[in-house]
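Only one structure is covered here, and it is reproduced in the block below.
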Amino acid sequence: MKLNNTNEVISLDRTVYPLVVGNTSKFTFDDWETSGSTVQLRALVKHPTYTDEDVVWTSEDPEIAVVENGLVRGRTTGFTKIAASLPSGDVAVCHISVIDNITRSTVMYLNLNADTLTLAKGSGAVLTPIMYPEDVLGNGAMNREVAWESSNPSVVSVDELGKVEALSLGEAVITARSKDVGRTAVCRVVVSEEPIAVQGIAVPETAHYALTAGEQLQLNAEILGGESRLIWRSMNSFIADVDQNGLVTAYSNGKVDILVTAELGGYTERFTLEVQEPQAAVESVNINKKNINLVIGSTKHITATVSPACILDKQITWSSSNPEVVEVIEVEDTVYGAAQVSLKAVGVGTAVVTAASEGKTDSCAVAVSAAFVPVSRIELESELELALDQVYQLQAQVNSDAVEPLLGWLITDRNKATINQEGIVKGYQPGAVKAYAIALDSLTAEQKAVFDELKSARSIAGDAGLSERLQQLLAAENVTYSECAVTVQNSSPYLRNLHAPQEAVTDSSVNLLWNRASMLDAEGLSAYEVYRDGIMVAVTQKLGCTVKDLDPQTEYTFTVKAINSDLDELVNETITVKTKPAPTKVINVMDAPYNAVGNGRVMDTLAIQRAINDCPEGGKVVLPEGYVFYSGALFLKSNMTFQVDGILIGSTDPKDYPLMITRWEGWRKLEQPAEKWANSTSPHDHNVYAHASLINAGVYDEGDPGVMGPYNVSNLVICGKGQINGNGFKLGYNEGPNQKSGNGGKPVPESTKLNATVRGRTITLHNAENVYVADVNIAFSPSWTVHPIYCNQITFDNIELVSKGDGKTGAADDCTILNGDGIDPDSSTRINIFNCYFTAGDDAVAIKSGRNREGNELAKPTAYVRVTDCVSKDSKGAFCIGSEQAAGAHDILWQNLTVDTINLFGLWIKCNEARGGRMEDILWKDCRVTRSSGVIFMQLDYSSSRTNPADELPVISNMVFENIRGIGPNLTGIRFSGMEGSPIHDIVIRGCSFDEIVSNDPRAFWINYGRDFELIDVKLPEGFDWTITNAENIKK
């Protein structure tokens, strides 16, 4: 949560928050006034005279949200500010958004075609109500009935259809009131004694126009018989709006009527506009390989993607700069939708293969040799010192002419340090190990089998037979390899591995992260002091700190000191970091030529996207505070900052989110008939594209199996003090059935859309590298909230994610987004999730890597993830791996986590026999769980799709749980549920305690199908003991 630091005297714990309209009955929409979701704001007062008891709370618009003693309740859709004021005049403000829930679309704005009319006695006119938003599906999910009332019926009457009659001289106010939430609009009608000269309005005979979003059109109407002010109104300003002079601006695609009404006489005519979306222009072309080597006569595939991701009809032209060396022989699409070309080596030499689309190009350098050139040389650092918990990428260089420069990696003791398929190492225990990079093209089939055996071994050094086979392999004359002596240092338990992730260094801030042992081994540690150039800037108990208000392109020295309760220093570490340059350009989307409106009544998609497209390398696009920007899908690009200080809120109309190729709950999503889709299941036997998200970056590209990447967007910052709101209840309802059928049942009426797998998310990152997401509030996605897919080096810092509210809807799960996970890293590496607060409609953080055979064979695990200092409160779930983890997950740290009042399990791994994948080298430390279905649950029997199963069974092994506390009531304590053929194994549970277990289930502490467990100082509540079945070597 963030503090409002604009006023040092009074601040709030939140500066922005999303709420939801409520109702107790899904049939009648009853009690909406008192059933909306709430948030409790807290004021921090630093005043010599006044305290928090002197704070006066007010709402700028109580129709939208009310406040009492800081408790804010949403009433109707819209945007308002909650102010906390002191008698001194000091004020702190929280911006509140309120969106519709799953059961109804309610009227946000009600307008009339005229605000004043003058009529002659005995004449009449028709008032037309204009409601925002539209009822997208037209299935009755929006009550569009209006009640009419005249303040003086003897002067002006009005019937149930809005027809007014001038009965006698005088004036009256006609009020239209929406029957759902009581929105009102008024028209003042004057009945004149004088006859009205105006006889009507003339418009062109064919008042039907075609426009493209972003264009303007001047409409003209002629008053017949006299003079009168003309009143212009749009029936849907989100598509096109009109000013007082009839100038129309088109904002998004669709059909809309523009009404023109004569104030004198009340005559109304209409124009019909058809607005088309401008065709998305190609921003970049990305080839997945920048250089390759071929041997004459051979062929190889390379692929290209086109950005933005919404361009599905890729018109890519391939060419070779030297067809006598390399020919382009076949162009087709891959199974995952990328454009693919086959290159044939026909002559010795070099060529450049280029992919071009709409003037944008990318190239791949190709060298062709007369004979196969193996990897003959590997250059690797000879020594490496590694701190405990440190992650480091070994850099291996091979001879540049190698045709197949693939390396395999081994390490001699994975208990001390692990290594992955990319040469990334992580330190776990003090000691010395050796890491080897081995040229795979140098191995015979028999040697490759030995290599695979060694790779799967936990400790080569600890097994004489394995050590001998390794030496025999390395001694073979044909084997090319290099080695690095890795020393894992005996680092301090209080503080170690101080670092600043490169993606989390901006022009004005640096995110510092560090590690320590669990508190079992850090006795006496009280806090950390953070210094910038010798000046203390923060004291924290967290495993990180973001230092702000820095100067661009400036070198700073940061020191972190671990201290005890007496403020004595225990240990310190220091690093030097240089901030990035200032933005090359700052673009305010409100400024010309972009001219975003920011009034919450038009679609600002085009204005924002144009600003993004025009943003130069190193530039920044800003959505300023105090404005509300409605938008459809936005597509970010490399080397930019996207700063949201206002409220960015998603359209609820699926038309504003183009289709794209992506991954949805573990399956790739693109057009495939049932006979070509291996994952075909009833009732959706064929595959389809999914909708884009509100914010998108990168293009889906699976690359090569077993190899991370490729990356086609990089160096991106998403930040700000505002809110990114996916508006996901109604958007999900309109895209696919974002609804449950459990307790409470489906909403009434049900969605007419039947495929839940097409829903977008709030933020999707495809194939992204070096991305920093900081400080913003991210809310109410149509499904998973933030979804990084095939990404590397992403840091999430100090963000609040909300996909669940405490209001009522009368339908299942009330104000809870179906599949409303918080952050789901998917087949991604080196992910930091720090100091984030979750109120999630499902899991707060769920680590993914694909589903069943498709994900397992793609073999892109999620790895080197640290989730620290996070809170999941009032969520449905908390911190987990799965269930779509078919490629596995490894080297994961979960530490300093708080779980409070959730429906599901606190620390959870969930998968089933169809998934496959290995989950290993996972640490859970210093976590607190209260009021949950279970504190720890590791299971291989999770109920989920078993279509197209993997060939291998899933594995859960080599995990440590230290200082995990079940505080207060929890339903169960620790449960391990393995399976025959794949017992959960090599588990250490140390220094864990449980206060109260409210279940009588004898399996509250249960190990089923497990082996090699160490239970050290585990304190169970009185009356409970372990139930151990189908298990062996369980040491208590």
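Just so it is clear: in the sequence shown, position 942 is 1280 by this note's numbering, and no numbers are missing. Beta carbons: idealized from backbone N, C-alpha and C, even for Gly. Since we're looking at a predicted model, the values are computed, not measured.
Close-in-space but distant-in-sequence residues of the same chain around residue i (CB under 6 Å, 5 per side omitted)
i	result
Cys1129	Leu1103, Ala1106 and Ser1166
Pro1126	Leu1103, Ile1132, Pro1163 and Ser1166
Ile999	Gly675, Leu1008 and Tyr1038
Thr389	Val383
Ala1016	Asn1286
Ile1056	Phe980 and Val1111
Ala1252	Asn1190, Arg1284 and Pro1287
Contacts around residue i, its chain only, beta-carbon distance under 7 Å, and the 5 residues preceding and following it disregarded
i	result
Ala1178	Leu1139, Ser1141, Lys1142, Gly1158, Asp1159, Gly1160, Ser1210, Ser1213, Lys1214 and Gly1215
Asp700	Val623, Asn624, Ile625, Ala642 and Ala693
Glu1370	Arg1349
Asp392	Leu424 and Pro425
Ala1225	Ser1165, Ser1187, Gly1188, Gly1193, Asn1194, Leu1196, Ala1197, Lys1198, Pro1199 and Gly1255
Pro1048	Asn626, Asp1039, Gly1041 and Asn1105
Lys1431	For the chain, the structure presents residues 339 to 1374; residue 1431 sits outside this window and is missing.
As assigned by DSSP and simplified to three states, the class of residue i
i	result
Asn1383	This structure cannot settle anything about residue 1383, because the visible part of the chain is limited to 339 through 1374.
Val1051	strand
Thr825	strand
Tyr1071	helix
Ile1354	strand
Asn1194	helix
Glu1226	A small correction: the amino acid at residue 1226 is Gly; Glu does not occupy that position in the sequence shown. Of the three classes helix, strand and coil, the one that applies to Gly1226 here is coil, per DSSP.
Asp351	coil
Glu1013	helix
Leu562	strand
Lys1007	strand
Thr1123	coil
Buried or exposed by the 16-neighbour rule on C-beta atoms within 10 Å, applied to residue i
i	result
Glu601	buried
Val1336	exposed
Ser506	exposed
Val511	exposed
Lys628	exposed
Asn558	exposed
Val494	buried
Leu1235	buried
Gly1329	buried
Gln840	exposed
Val1109	buried
Glu806	exposed
Leu499	exposed
Glu532	exposed
Asn343	In this prediction, Asn343 scores a pLDDT of 44, lower than 50, which makes its location untrustworthy; no coordinate-derived value is stated.
Integer-rounded CB distance, given that residue j should sit under 8 Å from residue i
i	j	result
Ser830	Val909	4 Å
Leu295	Gly584	Since the first residue of the chain shown is 339 and the last is 1374, residue 295 is not available in this structure.
Asp1023	Ala1030	No, Asp1023 and Ala1030 are not in contact; Cβ-Cβ is about 24 Å, not under 8 Å.
Asn451	Ile437	Not quite, the Cβ-Cβ distance comes to about 27 Å (not below 8 Å), so this is no contact.
Val924	Val960	6 Å
Residue i: first and last residue of the uninterrupted beta strand (DSSP E) it sits in
i	result
Phe896	Glu893 to Asn902
Glu670	Val664 to Asp671
Ala422	Gly416 to Ser423
Gly1391	With the chain represented from 339 up to 1374, any question about residue 1391 goes unanswered, as that position is not in the structure.
Ser488	Val484 to Ser488
Asp1135	Asn1130 to Asp1135
Gly1311	Here Gly1311 belongs to no beta strand (DSSP E), and DSSP marks it neither H nor E.
His1024	Per DSSP, His1024 belongs to no beta strand (DSSP E) and is neither H nor E.
Met1046	Met1046 -> no beta strand (DSSP E), and no H or E assigned at all.
Residues near residue i by beta carbon distance below 8 Å, same chain, minus five either side
i	result
Asn1136	Lys340, Thr884, Ala1112, Asp1113, Phe1172, Asn1173 and Cys1174
Val817	Ile776, Ala777, Ser780, Leu781, Gln785 and Leu811
Asn407	Trp395
Ser989	Phe576, Ser590, Met941, Thr943, Tyr968, Ser969, Gly970, Tyr995, Asn1065 and Leu1069
Trp852	Leu833, Arg834, Asn835, Leu836, His837, Tyr866, Leu881, Gly882, Val898 and Glu911
Segment limits, alpha helix (DSSP H) that includes residue i
i	result
Asp790	Ala783 to Ser794
Gln947	Thr943 to Asp952
Gln810	Ala802 to Ala813
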